[in-house]
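Chains as they are written, first to last, in numbering that gives the first Met the number 0: chain A, 0 to 186; chain B, 0 to 186.
C-beta atoms are modelled at their ideal positions from N, C-alpha and C, and glycine is treated no differently.
Just so we're clear, the structure is a prediction, and the values are computed from it rather than from any experiment.
Here the structure is laid out as structure tokens; the discussion comes afterwards.
Number of protein chains: 2
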Amino acid sequence: MPRAGLNRATVVATGAALADEVGLANLTMGSLAQRVGVRTPSLYKHVGGQGDLNRRIATLALTELADAVGSAVQGCAGRDALAAAARAFRTFVLEHPGRYAATLGLEPSGPDDPMALGSRRLLDAFTAVLRGYDLDVSDVDHALRMLRSLCHGFATLQGANGFQWSADIDESFEWLIAFADRGLRTL
Amino acid sequence: MPRAGLNRATVVATGAALADEVGLANLTMGSLAQRVGVRTPSLYKHVGGQGDLNRRIATLALTELADAVGSAVQGCAGRDALAAAARAFRTFVLEHPGRYAATLGLEPSGPDDPMALGSRRLLDAFTAVLRGYDLDVSDVDHALRMLRSLCHGFATLQGANGFQWSADIDESFEWLIAFADRGLRTL
DNA sequence: AGCTTGTAGCTAACGCCATTAACCAAGGGG
DNA sequence: CCCCTTGGTTAATGGCGTTAGCTACAAGCT
Numbered sequence: 000m001p002r003a004g005l006n007r008a009t010v011v012a013t014g015a016a017l018a019d020e021v022g023l024a025n026l027t028m029g030s031l032a033q034r035v036g037v038r039t040p041s042l043y044k045h046v047g048g049q050g051d052l053n054r055r056i057a058t059l060a061l062t063e064l065a066d067a068v069g070s071a072v073q074g075c076a077g078r079d080a081l082a083a084a085a086r087a088f089r090t091f092v093l094e095h096p097g098r099y100a101a102t103l104g105l106e107p108s109g110p111d112d113p114m115a116l117g118s119r120r121l122l123d124a125f126t127a128v129l130r131g132y133d134l135d136v137s138d139v140d141h142a143l144r145m146l147r148s149l150c151h152g153f154a155t156l157q158g159a160n161g162f163q164w165s166a167d168i169d170e171s172f173e174w175l176i177a178f179a180d181r182g183l184r185t186l
Numbered sequence: 000m001p002r003a004g005l006n007r008a009t010v011v012a013t014g015a016a017l018a019d020e021v022g023l024a025n026l027t028m029g030s031l032a033q034r035v036g037v038r039t040p041s042l043y044k045h046v047g048g049q050g051d052l053n054r055r056i057a058t059l060a061l062t063e064l065a066d067a068v069g070s071a072v073q074g075c076a077g078r079d080a081l082a083a084a085a086r087a088f089r090t091f092v093l094e095h096p097g098r099y100a101a102t103l104g105l106e107p108s109g110p111d112d113p114m115a116l117g118s119r120r121l122l123d124a125f126t127a128v129l130r131g132y133d134l135d136v137s138d139v140d141h142a143l144r145m146l147r148s149l150c151h152g153f154a155t156l157q158g159a160n161g162f163q164w165s166a167d168i169d170e171s172f173e174w175l176i177a178f179a180d181r182g183l184r185t186l
């Protein structure tokens, strides 16, 4: 029959898009096959299986996220950089919940795993933000983990509808950025 | 044949324990049935299905978590209360990852949903912590979300092995508590 | 051009999982 | 003592991921 002209990159990208639409848990090999116009087993010619697909989506997501945060930070420093990074992070998670969910709970296989590379680039972007505050070296790792926890926690809780009560969520996020900025400046 | 003497509570409790052991995603009706010593379809006499089971595990988890945080906070105030609440939260999530995972991404069906009740009690415990800092009323909701994001983010990232690099994780968590305390005291 | 060969697609089949239907026995309340 | 609620059973269905084995497209060599 006519070749569909698929390749690994399109399969992974379509899978990521589908995961964003229907949720990672509902990303099924059948639905992905249908989306790319092929029968289910054909996907295995491009991808090792669901685990492998998930891993590749995670790698894509981490790369994109690192790009987004990295370029948002360009040209800012201090509080502006912090706000830009945090907003870019949250925007990405809310716009691409499936991709982001794929990145959680995976261990990098080795140091040259492209996933670990994306992870490191993301970390570097946040490290650059912290360079705008003159922290003691012993504080940098902790501050990094604090920022990551804040961004990850807020974004995933919002994505999971974890904030039920009244106050405006965007306002809370800006408040949170201001809080972190104040804390970092007075260390 | 001989009755196994099951009831809803034991099924849910065993399901929660199993989810903690093998991960919520690997909690299967078959494995749970085996654990309680019964054939799979028998579970449906006690529980509506996998979704219902998940919901009941989440309710149990939220109740336990609210109890843990609530009693940890008893008799402390200010920084001590904050530290006690945060530690209790993280300990619970790390010791019961399956239960906690079940609580995410669920919408309470109604205002008298027992799950919403547990959720509210947990919220109340954190609100009590904040009462030790004299915040402007307009800040309370934002501060609450900040604390929830911090605790949730840190605990889930640690549980997912999201902290790869070197620094000591417990030390980071204590640093983070101190950071939040300082920020809250200087609002 | 024609043959070859690698490979992207297909169908068929298997096993696991959740769920439902239909049946059966245990055991307490009249 | 009987009955009928109820907690257990086996059998069957449908959806999923995955593998095996086949087919036919298309590129490359002669």
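Distance between A/D133 and A/T185 (C-alpha atoms, nearest Å):
For this step, residue 185 of chain A is matched to residue 186 along the first sequence. For this step, residue 133 of chain A is matched to residue 134 along the first sequence. Cα-Cα distance, rounded: 10 Å.
Listed from N- to C-terminal order along the chain, which residues in the region 134–149 of chain A have their beta-carbon within a distance smaller than 7 Å of any beta-carbon of chain B?
Sequence-ordered contacts of the region 134–149 of chain A with chain B read D140, H141, R144, M145, R147, S148, L149 [C-beta pairs closer than 7 Å].
Secondary structure at B/V35, three-state DSSP: helix, strand or coil?
The residue you call residue 35 of chain B lines up with position 36 of the second sequence. Helix.
Assuming B/V92 contacts B/G158 (C-beta within less than 8 Å), just tell me the rounded distance between them.
Stepping through the second sequence from its first residue, residue 92 of chain B is reached at position 93. Stepping through the second sequence from its first residue, residue 158 of chain B is reached at position 159. About 6 Å; that satisfies the 8 Å criterion.
Which runs of the alpha helix (DSSP H) spanning at least 4 residues fall entirely within the region 23–79 of chain A, listed in chain order?
28–35, 49–72
B/W164 - DSSP class collapsed to helix/strand/coil:
Locating residue 164 of chain B in the second sequence gives position 165, counting from the first residue. It is coil, neither helix nor strand.
Using DSSP with H/G/I as helix, E/B as strand and the rest coil, what is B/A3?
Position 4 of the second sequence, counted from the first residue, corresponds to residue 3 of chain B. Coil, per DSSP.
Under 9 Å Cβ-Cβ, which residues of chain A neighbour B/S30?
The residue given as residue 30 of chain B occupies position 31 in the second sequence. Within chain A, no residue comes near B/S30; the closest Cβ sits about 19 Å away, beyond 9 Å.
Residue interval of the alpha helix (DSSP H) (run including B/P113)
Sequence index remark: in the second sequence, residue 113 of chain B carries index 114 (1-based). Per DSSP, B/P113 belongs to the alpha helix (DSSP H) from 113–129.
Just the C-alpha distance for B/Q49 and A/Q163, rounded to the nearest angstrom, thanks.
By one-based count along the second sequence, residue 49 of chain B stands at place 50. By one-based count along the first sequence, residue 163 of chain A stands at place 164. Taking the straight line joining both Cα atoms gives about 24 Å.
Nearest candidate by alpha-carbon position, reference A/N160, set B/V139, B/E106, B/L26
Taking the first residue of the first sequence as position 1, residue 160 of chain A is located at position 161. Looking only at B/V139, B/E106, B/L26, the smallest Cα-Cα distance to A/N160 is reached by B/E106.
Can you tell me where the alpha helix (DSSP H) with A/A100 in it begins and where it stops?
Stepping through the first sequence from its first residue, residue 100 of chain A is reached at position 101. Residues 96–102.
To which residues of the same chain is A/G152 closer than 7 Å at the C-beta, ignoring the five residues directly before and after it?
On the first sequence, residue 152 of chain A is found 153 positions in, with the first residue counted as 1. The answer is none, since no qualifying residue turns up.
With a Cβ-Cβ cutoff of 8 Å, do B/A15 and B/G36 count as a contact?
Start at 1 with the first residue of the second sequence, and residue 15 of chain B comes out as number 16. Start at 1 with the first residue of the second sequence, and residue 36 of chain B comes out as number 37. Taking 8 Å as the Cβ cut-off, B/A15 and B/G36 do not qualify as a contacting pair.
Chain B contact residues for A/A84, given Cβ-Cβ distances below 7 Å:
For the purposes of this step, residue 84 of chain A is taken as the residue at position 85 of the first sequence. Result: empty, since nearest Cβ-Cβ is about 15 Å, beyond 7 Å.
Kindly indicate the opening and closing residues of the alpha helix (DSSP H) around A/L156.
For the purposes of this step, residue 156 of chain A is taken as residue 157 along the first sequence, with counting starting at 1. 136–158 is the span of the alpha helix (DSSP H), which, as asked, contains A/L156.
Looking only at its own chain, which residues have a Cβ that is under 7 Å from the Cβ of B/H45, when we skip the five neighbours before and after it?
Here residue 45 of chain B refers to the residue found at position 46 when the second sequence is read from its first residue. Answer for B/H45: L5, N6, R7, V10, listed in chain order.
Around the C-beta of B/D19, are 16 or more other C-beta atoms found within 10 angstroms, so that it is buried, or is it exposed?
Looking up residue 19 of chain B in the second sequence gives position 20. Label assigned to B/D19: buried.
Hey, how far is the Cα of A/T58 from the Cα of A/D111?
Locating residue 58 of chain A in the first sequence gives position 59, where the first residue counts as 1. Locating residue 111 of chain A in the first sequence gives position 112, where the first residue counts as 1. The straight-line gap from Cα to Cα measures roughly 12 Å.
Measuring only the C-alpha atoms, how far is A/L96 from A/L61?
Counted from its first residue, the first sequence places residue 96 of chain A at position 97. Counted from its first residue, the first sequence places residue 61 of chain A at position 62. Going by the sequence as given, residue 96 of chain A is Pro instead of Leu. Distance from the CA of A/P96 to the CA of A/L61, rounded to the nearest whole angstrom, comes to 12 Å.
Got a sec: is the Cβ-Cβ distance from A/S108 to anything in chain B below 8 Å?
One-based indexing of the first sequence puts residue 108 of chain A at position 109. Not one chain B Cβ lies under 8 Å of A/S108.
Below 8 Å on the Cβ atoms is my contact criterion, and I expect A/C150 with A/A85 to pass it. Report the Cβ-Cβ distance as a whole number of Å.
Within the first sequence, residue 150 of chain A is the residue found at index 151, counting from 1. Within the first sequence, residue 85 of chain A is the residue found at index 86, counting from 1. Right, their Cβ atoms sit about 6 Å apart.
Taking 8 Å as the threshold (beta carbon to beta carbon), is B/R181 in contact with chain A?
Position 182 of the second sequence, counted from the first residue, corresponds to residue 181 of chain B. Taking Cβ atoms only, chain A reaches closer than 8 Å to B/R181, which makes this a yes.
How is B/L186 classed by DSSP in three states: helix, strand or coil?
As a working note, residue 186 of chain B is residue 187 in the second sequence. B/L186 carries a coil assignment under DSSP once its states are collapsed to helix, strand and coil.
Assigned secondary structure, A/D133 (DSSP; H/G/I helix, E/B strand, else coil):
Mapped onto the first sequence, residue 133 of chain A falls at position 134. Coil, per DSSP.
If we count Cβ pairs, one from each stretch, closer than 8 Å, do we get three or more for the region 64–78 of chain B versus the region 20–34 of chain B?
no
Contact belief for A/V136 with A/L129 at Cβ below 8 Å, rounded distance in angstroms:
What you label residue 136 of chain A is simply residue 137 of the first sequence in a count that begins at 1. What you label residue 129 of chain A is simply residue 130 of the first sequence in a count that begins at 1. So it is not a contact: roughly 11 Å between Cβ atoms.
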